[in-house]
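**Student:** Below is a structure I'd like to ask you about.
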Amino acid sequence: MKIFELKDIWYFAIAAVLCYLMGCFNFAVLIARFKKKNIREMGSGNPGTMNITRSLGLKFGVLNFFCDGIKGGIPVLAGYFIFQNYVFAGTSISVSDFARYFFGLFVIIGHIFPVTMRFKGGKGIASTMGIFAFALACERWWYFFIVVAFFVCIFLYIYFTEWGSMGSLLGVTVLTVFQAAIFAERYADSLLNGWSISIFVILFVVNVLTWGAHGKNIFRLLAGEEHRTVVRKHK
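For the sequence shown, the positions run 10 to 244 when my numbering is used.
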C-alpha cells in the first residue's frame, strides 16, 4: 500500500472544484430544451427527475435519472481507481473510501447549488443514488445489482403511492445506513480516527443536503398538500 501524506491534500481541493463544476451541469434543463420547453416554467419548476417525470412523462424521467446517476457515479469511480492503493499516513484507512464520497459530495453541492443557475438547482436525488450505486459497486461488484433491485423497489413505491419525495428520501437514507454499516465494521478499531470520522461526516452531510433540499416537500407532505408524482395512467 502507498502512503497518502497530509501535504498531498491539495489533490482533494482540485477534485472538489472539478466535481462541483460537473455537478452544475443540469440534464433536466437540457432535456426540456430538447423538447423546446423551459423546465423552470413546468410543474413545480424544479430542474430534476421528479418534475421531468410529471411534466414530460416517464421515459424522459428515466432518461434524466440515468444521466444524473452517471454524473454522480463517474467521480466516484475516479476517486476509487485513483486512490485504491493508498492509505492515510499512520492509519489503515483506505483513501479511496474517503475519496469516493468526498468527490460525490461536491457533485451534489454543484447539483443543488449550481453557480450556472444562480445557485438554484435540482434536489440531488438521482445523482446521490448514482453515487451510492457506484460506490457500493466498488465494495463488491454484485452490490451494484442489489442497488438496482432496490431502485426498482423505490420506483414501485412511488408508482403505487405517488409520493415521489418520500420514496426518494427513504432510498437515500437506506443506502446511507447500508454503506455506514460497512464502514463501521471495516474500521471498528479506528472509529475515532479523524479520517474515519470524516467519512461518516460526509455520509451524514449528503443526507442533510438531500433532505434539506426537500424541506418544502416534507412540509407539504405533513400538510397533505404535496405534489403527486404520477407515473401511471389512472382509469
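Here a beta-carbon is modelled for each residue, glycine too, at the ideal position from N, C-alpha and C.
On the DSSP bridge list, what partners appear for Glu96?
**Tutor:** This sequence places Val at residue 96; Glu is not what is there. DSSP, once it has assigned bridges, lists Ile12 and Ser103 as partnering Val96.
**Student:** For the alpha helix (DSSP H) holding Glu148, just list the boundary residues, first then last.
**Tutor:** Glu148 -> alpha helix (DSSP H) spans Ile134 to Glu148.
**Student:** Assuming Glu194 is part of the alpha helix (DSSP H), what are its boundary residues?
**Tutor:** Per DSSP, Glu194 belongs to the alpha helix (DSSP H) from Gly173 to Arg195.
**Student:** Please report the straight-line C-alpha distance between Val96 and Met51, rounded to a whole angstrom.
**Tutor:** Distance between the alpha carbons of Val96 and Met51: 47 Å.
**Student:** Taking the alpha helix (DSSP H) that Phe122 belongs to, which residues open and close that run?
**Tutor:** From DSSP, Phe122 is part of no alpha helix (DSSP H); its letter is neither H nor E.
**Student:** So what does DSSP say about Lys225, is it helix, strand or coil?
**Tutor:** If DSSP states are grouped into helix, strand and coil, Lys225 belongs with the helices.
**Student:** Which class does Arg127 belong to by DSSP, given the choice of helix, strand or coil?
**Tutor:** Reduced to three states, the DSSP call for Arg127 is coil.
**Student:** Which same chain residues end up closer than 7 Å to Asn55 when comparing Cβ atoms and leaving out the 5 residues on each side of it in sequence?
**Tutor:** So the list reads Gly131 and Lys132, once near-sequence residues are dropped.
**Student:** Can you give the Cα-Cα distance for Lys244 and Thr170, rounded to whole angstroms?
**Tutor:** Note that Lys244 scores a pLDDT of 45, beneath 50, so its modelled location is shaky; the value from the coordinates is reported in the next line. For Lys244 and Thr170, the distance between alpha carbons rounds to 16 Å.
**Student:** For Leu230, collect the residues of the same chain with a Cβ closer than 8 Å to its Cβ; drop the 5 residues on either side in sequence, then sort them by chain order.
**Tutor:** Closer than 8 Å at the Cβ level, and outside the excluded window around Leu230, lie Trp172, Ser174 and Met175.
**Student:** Suppose contacts are defined by Cβ-Cβ distances below 8 Å. Is Ile12 in contact with Ala108 by that definition?
**Tutor:** It is not a contact, given that the beta carbons lie outside the stated cut-off.
**Student:** Along the chain, where does the alpha helix (DSSP H) that runs through Ile61 open and close?
**Tutor:** Segment Thr58 to Leu65, the alpha helix (DSSP H) holding Ile61.
**Student:** Can you give the Cα-Cα distance for Phe159 and Gly180, rounded to whole angstroms?
**Tutor:** Cα-Cα distance, rounded: 8 Å.
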